[in-house]
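A.B. asks:
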Ligand SMILES: NC(=O)c1ccc[n+]([C@@H]2O[C@H](COP(=O)([O-])OP(=O)(O)OC[C@H]3O[C@@H](n4cnc5c(N)ncnc54)[C@H](OP(=O)(O)O)[C@@H]3O)[C@@H](O)[C@H]2O)c1
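Residue numbers (the working numbering): 4 to 322.
1) Regarding residue 290 and ligand 1, is the C-beta to nearest heavy atom distance less than 6 Å?
2) Quick check on residue 186 - is its C-beta less than 7 Å from some C-beta in chain C?
3) Do residue 86 and residue 108 have their beta-carbon atoms positioned less than 7 Å apart in this structure?
4) Answer with buried or exposed for residue 233, where buried requires no fewer than 16 other C-beta atoms within 10 angstroms of its C-beta.
5) Residue 16 and residue 90 look like a contact to me (Cβ under 8 Å); what is the Cβ gap, rounded to whole Å?
6) Can you tell me which of the three DSSP states residue 283 falls into?
7) If you follow the alpha helix (DSSP H) that residue 104 is in, where does it begin and where does it stop?
8) Sorry if obvious, but does the Cβ on residue 122 come closer than 6 Å to a heavy atom of ligand 1?
9) Return yes when at least one heavy atom of ligand 1 lies under 6 Å from the C-beta of residue 221, else no.
10) Which same chain residues end up closer than 6 Å to residue 42 when comparing Cβ atoms and leaving out the 5 residues on each side of it in sequence?
11) Please find out if some non-hydrogen atom of ligand 1 comes closer than 6 Å to the beta-carbon of residue 233.
12) State yes or no: is the C-beta of residue 135 within less than 7 Å of the C-beta of residue 167?
13) Report back the beta-carbon spacing between residue 208 and residue 9 to the nearest angstrom; my notes put them in contact at under 8 Å.
14) In whole angstroms, what separates the C-alpha of residue 77 from that of residue 282?
15) Residue 221 by DSSP, collapsed to three states: which one?
16) According to DSSP, which residues form a beta bridge with residue 179?
17) For the pair the region 94-101 and the region 56-64, tell me if three or more CB-CB distances fall below 8 Å.
18) Does residue 210 come out as helix, strand or coil in the three-state DSSP assignment?
19) Please confirm whether any heavy atom of ligand 1 lies closer than 6 Å to the CB of residue 24.
20) Compute the distance between the beta-carbons of residue 26 and residue 291, then report whether it is under 7 Å.
21) Report the rounded CA-to-CA distance for residue 320 versus residue 189, giving the unit in angstroms.
22) When the distance is taken between beta carbons, is residue 262 closer than 7 Å to residue 269?
23) I'd like to confirm the pairing. Which residues does DSSP put opposite residue 288 in its beta bridges?
24) Between which residues of its own chain and residue 206 is the CB-CB distance below 6 Å, once the five residues before and five after are set aside?
25) Tell me whether residue 7 sits in a helix, a strand or coil according to DSSP, three-state version.
26) Would you call the CB atoms of residue 121 and residue 151 closer than 7 Å?
27) With DSSP collapsed to three states, give me the class of residue 226.
28) For residue 242, which residues in the same chain have their Cβ closer than 7 Å to its Cβ, ignoring the five residues on either side in sequence?
29) Beta carbon of residue 218: closer than 6 Å to some heavy atom of ligand 1?
30) Take residue 128 and list the residues in its own chain whose beta-carbon comes closer than 7 Å to its own, dropping the five residues that flank it on each side.
31) Quick one: Cα of residue 172 to Cα of residue 153, how far?
32) Any heavy atom of ligand 1 closer than 6 Å to the beta-carbon of residue 212?
33) Is residue 123 helix, strand or coil by DSSP?
34) Can you tell me the Cβ-Cβ gap for residue 214 and residue 288, rounded? I've got them flagged as a contact below 8 Å.
35) Rounded to whole angstroms, what's the CA-CA distance from residue 29 to residue 23? Just pull it up for me.
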């Protein structure tokens with residue numbers, strides 16, 4: 004495993020990291036969670052991503068229980084969580100980044116995770132109804148109280164991120180240092196053109212998500228929806244449509260020979276494609292089985308094998 008700086012920050016993250024979305028609680032229980040996290044850690048992964056909203060808090064609980072069983076030294080790993088959607092259906096605790104929600108919710112997350120602090124705390128989405136300054140000050144206070152070490156944004160527009168950084172600089176507050184955007188062969192606009200200035204001018208880091216487009220970029224949906232896949236999980240019917248879209252499946256089929264030419268599985272090829280982008284700090288992977296995780300960890304071996312011919316062929320497929 005190699006490690007990259009989180010943008011300009013001093014912190015280093017493993018090139019591949021592990022997230023818990025959909026999988027923890029919905030697909031795996033405590034034993035499989037421990038097995039997945041242990042296999043990732045043994046492969047050199049030092050960063051584990053979570054969110055308050057994942058399985059309505061149960062994902063944080065599972066990760067916390069797994070960390071207690073695993074007993075790793077706290078300095079050897081990083082944990083993140085994300086706030087925005089909220090767990091309670093009332094105006095001040097749902098779809099918001101207001102001060103009250105942020106200050107109160109971090110305590111709930113820490114309690115579920117069984118941690119004194121998270122290493123990274125993300126604003127899971129932007130909240131156009133709360134002034135950015137209110138959010139920046141609340142995140143600064145959370146960092147000052149030692150409940151998060153760094154903070155960042157997820158799926159914010161570049162202009163809002165720039166505003167948050169400038170507000171923080173103007174008032175000498177802790178700035179956001181990292182964005183968590185989607186980035187895979189299908190979804191690259193925001194991570195690419197829109198965020199260019201953030202990398203260049205602010206050294207913003209990135210923990211990119213859904214590198215396999217929820218499994219589509221493994222080729223496993225070419226013959227329908229496997230019963231044990233996330234597209235078959237109750238409540239994720241909306242994903243099924245994306246994962247069985249004929250046009251997308253045709254692109255996936257066209258990628259197969261390119262991966263084969265490289266000697267990689269399609270999953271490894273797709274992960275390595277993300278990793279070759281220098282603005283990626285870490286690619287957040289997901290896995291519901293340890294065999295998937297082991298296959299995915301080997302993606303790092305293919306990062307240097309994207310020849311101009313292969314890159315041209317990819318561009319033609321996605322033009
Ligand atoms: N900030 C945000 O808004 C946001 C949004 C989404 C995700 N995230 C983060 O990013 C992490 C990764 O996202 P993701 O889970 O969507 O990643 P992904 O890599 O696109 O999808 C992972 C899923 O693909 C399948 N898979 C993985 N490796 C495979 C392999 N080698 N062969 C066959 N199938 C394989 C598994 O699903 P099956 O169970 O179907 O096999 C696995 O759970 C999340 O856990 C979360 O931490 C953040």
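Cβ coordinates follow ideal geometry from the N, Cα and C atoms, glycine included.
C.D. replies: Taking the coordinates as given:
1) Indexing the chain shown from 1 puts residue 290 at position 287. Yes, the beta carbon of residue 290 sits closer than 6 Å to at least one heavy atom of ligand 1.
2) Of the protein chains in this structure there is only one, and it is not chain C.
3) On the chain shown, residue 108 is found 105 positions in, with the first residue counted as 1. On the chain shown, residue 86 is found 83 positions in, with the first residue counted as 1. Yes, Cβ-Cβ distance for residue 108 and residue 86 is below 7 Å.
4) Residue mapping note: residue 233 aligns to position 230 of the chain shown, counting from 1. When all chains shown are included, residue 233 counts as buried.
5) Mapped onto the chain shown, residue 16 falls at position 13. Mapped onto the chain shown, residue 90 falls at position 87. Going by Cβ atoms, the distance from residue 16 to residue 90 rounds to 27 Å, so no, they are not a contact pair.
6) In the chain shown, the residue the question calls residue 283 occupies position 280. Reduced to three states, the DSSP call for residue 283 is coil.
7) Here residue 104 refers to the residue found at position 101 of the chain shown. Start and end: 102-116.
8) For the purposes of this step, residue 122 is identified with residue 119 of the chain shown, where counting begins at 1. It does not: the Cβ of residue 122 is nowhere closer than 6 Å to a heavy atom of ligand 1.
9) To locate residue 221, count along the chain shown from 1; it is residue 218. Answer for residue 221: yes, Cβ within range of ligand 1.
10) Translated into positions along the chain shown, residue 42 becomes position 39. Closer than 6 Å at Cβ, skipping near neighbours: 293, 296.
11) By 1-based counting over the chain shown, the position of residue 233 is 230. Indeed, a heavy atom of ligand 1 lies less than 6 Å from the Cβ.
12) Along the chain shown, read from residue 1 onward, the residue named residue 135 stands at position 132. Along the chain shown, read from residue 1 onward, the residue named residue 167 stands at position 164. Yes, the Cβ-Cβ distance between residue 135 and residue 167 is below 7 Å.
13) Here residue 208 refers to the residue found at position 205 when the chain shown is read from its first residue. Here residue 9 refers to the residue found at position 6 when the chain shown is read from its first residue. Yes, they are in contact, since the Cβ atoms of residue 208 and residue 9 sit about 4 Å apart, within 8 Å.
14) Position 74 of the chain shown, counted from the first residue, corresponds to residue 77. Position 279 of the chain shown, counted from the first residue, corresponds to residue 282. Each residue's Cα considered, the two are about 27 Å apart.
15) Taking the chain shown and counting its residues from 1, the one referred to as residue 221 is at position 218. Correct three-state label for residue 221: helix.
16) Residue numbering aside, residue 179 sits at position 176 when the chain shown is read from its first letter. According to DSSP, which records beta bridges pairwise, residue 179 is partnered with 154.
17) no
18) Counting from one through the chain shown, the residue named residue 210 turns up at place 207. Here residue 210 sits in strand by DSSP.
19) For the purposes of this step, residue 24 is taken as the residue at position 21 of the chain shown. Correct: residue 24 has its Cβ closer than 6 Å to ligand 1.
20) Position 23 of the chain shown holds residue 26. Position 288 of the chain shown holds residue 291. Taking 7 Å as the Cβ cut-off, residue 26 and residue 291 qualify as a contacting pair.
21) Locating residue 320 in the chain shown gives position 317, counting from the first residue. Locating residue 189 in the chain shown gives position 186, counting from the first residue. Each residue's Cα considered, the two are about 10 Å apart.
22) Within the chain shown, residue 269 is the residue found at index 266, counting from 1. Within the chain shown, residue 262 is the residue found at index 259, counting from 1. The answer is yes: Cβ separation under 7 Å.
23) Stepping through the chain shown from its first residue, residue 288 is reached at position 285. Its beta-bridge partners are 21.
24) Residue numbering aside, residue 206 sits at position 203 when the chain shown is read from its first letter. For residue 206, where only same-chain residues beyond five positions count, the Cβ hits under 6 Å are 10, 11.
25) Along the chain shown, read from residue 1 onward, the residue named residue 7 stands at position 4. Correct three-state label for residue 7: strand.
26) If you number the chain shown from 1, residue 121 lands on position 118. If you number the chain shown from 1, residue 151 lands on position 148. Taking 7 Å as the Cβ cut-off, residue 121 and residue 151 qualify as a contacting pair.
27) Looking up residue 226 in the chain shown gives position 223. Looking at residue 226 - three-state DSSP - the assignment turns out to be coil, as it is neither helix nor strand.
28) The sequence position of residue 242 within the chain shown is 239, counting from 1. Cβ neighbours of residue 242 beyond the five flanking positions: 217, 233, 234.
29) In the chain shown, residue 218 corresponds to position 215, counting from 1. The answer is yes for residue 218.
30) Along the chain shown, one-based indexing puts residue 128 at 125. Within the same chain, residue 128 has close Cβ partners 87, 157, 158.
31) The sequence position of residue 172 within the chain shown is 169, counting from 1. The sequence position of residue 153 within the chain shown is 150, counting from 1. Their Cα atoms are separated by approximately 15 Å.
32) On the chain shown, residue 212 is found 209 positions in, with the first residue counted as 1. Because some heavy atom of ligand 1 lies under 6 Å away, the Cβ of residue 212 counts as near it: yes.
33) Sequence index remark: in the chain shown, residue 123 carries index 120 (1-based). If DSSP states are grouped into helix, strand and coil, residue 123 belongs with the strands.
34) Here the question's residue 214 lines up with position 211 in the chain shown. Here the question's residue 288 lines up with position 285 in the chain shown. About 6 Å separates the two Cβ atoms, so the contact holds.
35) Here residue 29 is taken as the residue at index 26 of the chain shown, counted from 1. Here residue 23 is taken as the residue at index 20 of the chain shown, counted from 1. Rounded to the nearest angstrom, the two C-alpha atoms are 10 Å apart.
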